[in-house]
Amino acid sequence: MRWIQKRLRLPAVRRGFHLVTDLLVAELPELEALTVGTAHFFLQHTSASLSINENADPTVRHDFEEFFNRAAPENAPYFHHTQEGPDDMPAHLKAALLGASVTIPITNGQLALGTWQGIYLGEHRNHGGRRWVVVTLMGE
36 MRWIQKRLRL PAVRRGFHLV TDLLVAELPE LEALTVGTAH FFLQHTSASL SINENADPTV
96 RHDFEEFFNR AAPENAPYFH HTQEGPDDMP AHLKAALLGA SVTIPITNGQ LALGTWQGIY
156 LGEHRNHGGR RWVVVTLMGE
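Residue numbers (this note's numbering): 36 to 175.
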């Protein structure tokens, strides 16, 4: 069994849902050496998220943003955690709902994603900045 762990830096992006599959895979040449295994991606932030979903139609990413903005609205009168701005508490809620990690099988040197699947970075802050992802590859 082989283990590889890397900490990758994603570029700053605007608020919304962004496909980052290709960015992540480009930083993982070790992936090609694994015939079978698992890739675990962990986002080290509490106001952004990682998830897997539709990778072809950009309206899906738009609809995700619209839904989560309604589910966790800014300036809700019941929020007390507001010192970092009106987008902060909603960002924490969105991140909690979507999660900070995804795990994907590795098959013949590639992520075994389905035809229409990609890894999303959910940037839930207006000015979130660059994000860190710890990737752990395990396999043979």
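Even for Gly, the Cβ is constructed at its ideal location relative to N, Cα and C.
For T94, tell me which candidate among V48, F52, L172 has the shortest Cα-Cα distance.
T94 has its Cα closest to that of F52, out of V48, F52, L172.
Looking at C-alpha atoms only, which residue of G163, T73, I87 is the closest neighbour of G120?
For G120, the nearest C-alpha among the options comes from G163.
If we ignore side chains and look at the alpha-carbon of each, how far apart do W38 and T142 end up?
Taking the straight line joining both Cα atoms gives about 15 Å.
Where do the ends of the alpha helix (DSSP H) carrying H159 lie?
First-last for H159: undefined, no H or E at that position.
Going by DSSP, which residues form a beta bridge with L43?
According to DSSP, which records beta bridges pairwise, L43 is partnered with V168.
Roughly how many angstroms separate the alpha carbons of H159 and G174, rounded to a whole number?
So the alpha carbons of these two residues sit roughly 33 Å apart.
Compute the beta-carbon to beta-carbon distance between L172 and L85, rounded to the nearest angstrom, for a pair I have assumed lies under 8 Å.
That pair is no contact at about 16 Å.
Within 10 Å of its beta-carbon, does P125 have 16 or more other beta-carbons around it, so buried, or fewer, so exposed?
Result: buried.
In terms of alpha-carbon separation, which member of N104, G144, V168 lies closest to A135?
Checking every option, the nearest Cα to that of A135 belongs to V168.
Taking a contact to mean a Cβ-Cβ separation below 8 Å, would you say V60 touches L146 in this structure?
Taking 8 Å as the Cβ cut-off, V60 and L146 qualify as a contacting pair.
Report the three-state DSSP secondary structure of H53 (helix, strand or coil).
It is a strand residue.
With DSSP as the reference, please indicate the residues paired to Q152 in a beta bridge.
Its beta-bridge partners are E89.
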